[in-house]
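**Student:** All residue numbers for the sequence shown refer to the working numbering, where the first residue is 618 and numbers rise by one. Below you will find the structure I want to go over with you.
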Amino acid sequence: MRSPAVAGQFYPRHPEELREALKAAFSGASGSETLPIRGAVVPHAGYIYSGAVAAEVYARLPKRDTFVLIGPNHHGLGLPVALSRDSWMTPLGVAECDTELADLLTGSIIEVDESAHLYEHSLEVQIPFLQARFGDFKILPICMGLQDEETAVEVGEAVGKAAEKLGRECTVIASSDFSHYEPQEDARRKDARVIEAILRMDVSSIYEIVYGLNLTACGYGPISAAITASKILGAETGKLLRYSTSGDVIGDFSQVVGYGAIAFL
Numbered sequence: 618m619r620s621p622a623v624a625g626q627f628y629p630r631h632p633e634e635l636r637e638a639l640k641a642a643f644s645g646a647s648g649s650e651t652l653p654i655r656g657a658v659v660p661h662a663g664y665i666y667s668g669a670v671a672a673e674v675y676a677r678l679p680k681r682d683t684f685v686l687i688g689p690n691h692h693g694l695g696l697p698v699a700l701s702r703d704s705w706m707t708p709l710g711v712a713e714c715d716t717e718l719a720d721l722l723t724g725s726i727i728e729v730d731e732s733a734h735l736y737e738h739s740l741e742v743q744i745p746f747l748q749a750r751f752g753d754f755k756i757l758p759i760c761m762g763l764q765d766e767e768t769a770v771e772v773g774e775a776v777g778k779a780a781e782k783l784g785r786e787c788t789v790i791a792s793s794d795f796s797h798y799e800p801q802e803d804a805r806r807k808d809a810r811v812i813e814a815i816l817r818m819d820v821s822s823i824y825e826i827v828y829g830l831n832l833t834a835c836g837y838g839p840i841s842a843a844i845t846a847s848k849i850l851g852a853e854t855g856k857l858l859r860y861s862t863s864g865d866v867i868g869d870f871s872q873v874v875g876y877g878a879i880a881f882l
């Protein structure tokens, strides 16, 4: 079982405090109508910074058999594209892995490697949101250390086709923050450019913008993989639910991080 690595840092360690933090995040969401979300982009900063943005997606998610979580590898441990077959513990309980889906993906570009997930926060912080919404679900965590376009598309195709083959009702969630530690005006300008391409679900344009603007978004590979998988699962367009920055929360606009909530429908 994978134990929490960032409880008490990115989100509260104690169950009641965590429930209160999630309640506050969900109460700040602008809507709660269920949408037919096949894929999504959510941030992974501390809940006080980006929890309300992430909740915009989670408040609207339909119930699914499995939530595939794809995030960047911030620590550089493990294989380039690593999935976890472990169950994952949070202060709210245990989320079980969809091992049947994991088995089908193993041997593709994606391989099992628990070491890649040991200290990674980008997927861990998503699970309490799901636990707050749904009582019975499974997860499939995938960590991407390699984020080039070819790899991202291959990962997305593998996930989408495997879910189709098993008849799984899945939503694929990409965990990514956008611009890192730039002035508010610059961050918003750059992020708006790449978000426009994300909403068009145009993977090639995402990479052109990321490289052209030297964009510091940390999960452009997971975003592109989620877009690719979502298309296979029937999504046709992206919808921006919310964008904000750390500056909007703490009032310091000199070096902000951007956060976006996007649904693929």
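All C-beta atoms, glycine included, are put in the ideal place defined by N, C-alpha and C.
Take S841 as the anchor and find which of G829, G855, L830, N831 has the nearest alpha-carbon.
**Tutor:** Your numbering for residue 841 matches position 224 in the sequence shown. Of the candidates G829, G855, L830, N831, the one whose C-alpha sits nearest the C-alpha of S841 is G855.
**Student:** Give a yes or no on whether the C-beta atoms belonging to A814 and V659 are separated by under 8 Å.
**Tutor:** As a position in the sequence shown, residue 814 is number 197, starting the count at 1. As a position in the sequence shown, residue 659 is number 42, starting the count at 1. No, the pair does not count as a contact, with Cβ atoms beyond the cut-off.
**Student:** Taking the alpha-carbon positions, what's the Q743 to L686 distance?
**Tutor:** Taking the first residue of the sequence shown as position 1, residue 743 is located at position 126. Taking the first residue of the sequence shown as position 1, residue 686 is located at position 69. The straight-line gap from Cα to Cα measures roughly 8 Å.
**Student:** Would you list the residues sitting across from H797 in a DSSP beta bridge?
**Tutor:** Translated into positions along the sequence shown, residue 797 becomes position 180. V874.
**Student:** Would you identify the three-state DSSP class for L757, choosing helix, strand or coil?
**Tutor:** As a working mapping, residue 757 is identified with position 140 in the sequence shown. Residue state, collapsed to three classes: strand.
**Student:** Just the Cα atoms here: how many angstroms apart are R785 and A809?
**Tutor:** The residue labelled residue 785 in the question sits at position 168 within the sequence shown. The residue labelled residue 809 in the question sits at position 192 within the sequence shown. Across the structure, R785 and A809 are spaced so that their CA atoms are roughly 33 Å apart.
**Student:** Counting along the chain, where does the alpha helix (DSSP H) carrying P790 start and finish?
**Tutor:** Counted from its first residue, the sequence shown places residue 790 at position 173. It is Ile, not Pro, that sits at residue 790 in the sequence shown. No alpha helix (DSSP H) holds I790; the beta strand (DSSP E) holding it covers 787-792.
**Student:** At the level of alpha carbons, what is the spacing between H797 and H691?
**Tutor:** Position 180 of the sequence shown holds residue 797. Position 74 of the sequence shown holds residue 691. The alpha-carbon atoms of H797 and H691 are separated by roughly 14 Å.
**Student:** Inspect the beta-carbon positions of V820 and I844 and report whether they are closer than 8 Å.
**Tutor:** Your numbering for residue 820 matches position 203 in the sequence shown. Your numbering for residue 844 matches position 227 in the sequence shown. Yes, Cβ-Cβ distance for V820 and I844 is below 8 Å.
**Student:** Closest by CA to I759, which one among L747, V770, E728?
**Tutor:** Along the sequence shown, read from residue 1 onward, the residue named residue 759 stands at position 142. With distances taken between CA atoms, I759 lies nearest to E728 out of L747, V770, E728.
**Student:** Quick one: grab the DSSP three-state call for E650.
**Tutor:** Within the sequence shown, numbered from 1, the residue matching residue 650 stands at position 33. Of the three classes helix, strand and coil, the one that applies to E650 here is coil, per DSSP.
**Student:** Which residues does DSSP pair with P689 in a beta bridge?
**Tutor:** Within the sequence shown, numbered from 1, the residue matching residue 689 stands at position 72. Answer by DSSP bridge pairing, in chain order: M761.
**Student:** For the candidate residues S704, V827, L700, V866, whose alpha-carbon lies nearest to that of A719?
**Tutor:** Numbered from its first residue, the sequence shown carries residue 719 at position 102. Closest option to A719, judged by alpha-carbon separation, among S704, V827, L700, V866: L700.
**Student:** I'd like to confirm the pairing. Which residues does DSSP put opposite T707 in its beta bridges?
**Tutor:** Along the sequence shown, read from residue 1 onward, the residue named residue 707 stands at position 90. Note: T707 sits in a beta bridge opposite G710.
**Student:** Would you check if the distance between the CB atom of A638 and the CB atom of Y736 is smaller than 8 Å?
**Tutor:** Numbered from its first residue, the sequence shown carries residue 638 at position 21. Numbered from its first residue, the sequence shown carries residue 736 at position 119. Not in contact: A638 and Y736 (Cβ atoms no closer than 8 Å).
**Student:** With DSSP as the reference, label T768 as helix, strand or coil.
**Tutor:** Reading the sequence shown from its first residue, position 151 is the one you call residue 768. In the structure shown, T768 sits in a helix (DSSP, three-state: H, G or I).
**Student:** Please look up how many angstroms separate the CB atoms of R655 and A852, rounded, as I've assumed it's under 8 Å.
**Tutor:** Against the sequence shown, residue 655 aligns to sequence position 38. Against the sequence shown, residue 852 aligns to sequence position 235. Yes, R655 and A852 are in contact; Cβ-Cβ is about 4 Å, under 8 Å.
**Student:** When the Cα atoms are used, what is the spatial distance from M761 to L694?
**Tutor:** In the sequence shown, residue 761 corresponds to position 144, counting from 1. In the sequence shown, residue 694 corresponds to position 77, counting from 1. The alpha-carbon of M761 is positioned some 10 Å away from that of L694.
**Student:** Hey, quick one: how far does the beta strand (DSSP E) through Y736 stretch, first residue to last?
**Tutor:** Taking the first residue of the sequence shown as 1, we reach residue 736 at position 119. Judged by DSSP secondary structure, Y736 falls outside any beta strand (DSSP E); it is assigned neither H nor E.
**Student:** Expressed to the nearest angstrom, what Euclidean distance is found between the alpha-carbon atoms of F754 and R681?
**Tutor:** Within the sequence shown, residue 754 is the residue found at index 137, counting from 1. Within the sequence shown, residue 681 is the residue found at index 64, counting from 1. Taking the straight line joining both Cα atoms gives about 7 Å.
**Student:** What residue ranges within the stretch 811-868 form continuous beta strand (DSSP E) runs of no fewer than 3 residues, ordered along the chain?
**Tutor:** Here the runs fully enclosed are 855-862.
**Student:** For V866, does the count of other Cβ atoms within 10 angstroms reach 16, so buried, or fall short, so exposed?
**Tutor:** By one-based count along the sequence shown, residue 866 stands at place 249. So V866 ends up on the buried side.
**Student:** So L794 and A662 are supposed to be a Cβ contact under 8 Å. How far apart are they, rounded?
**Tutor:** Residue mapping note: residue 794 aligns to position 177 of the sequence shown, counting from 1. Residue mapping note: residue 662 aligns to position 45 of the sequence shown, counting from 1. The identity of residue 794 in the sequence shown is Asp, whereas the question assumes Leu. Their Cβ separation, rounded to whole angstroms, is 6 Å, which keeps D794 and A662 in contact under 8 Å.
**Student:** Taking the alpha-carbon of E941 as reference, which of Y675, T833, Q764, L709 has the nearest alpha-carbon?
**Tutor:** The first residue shown for the chain is 618 and the last is 882, placing residue 941 beyond what the model contains.
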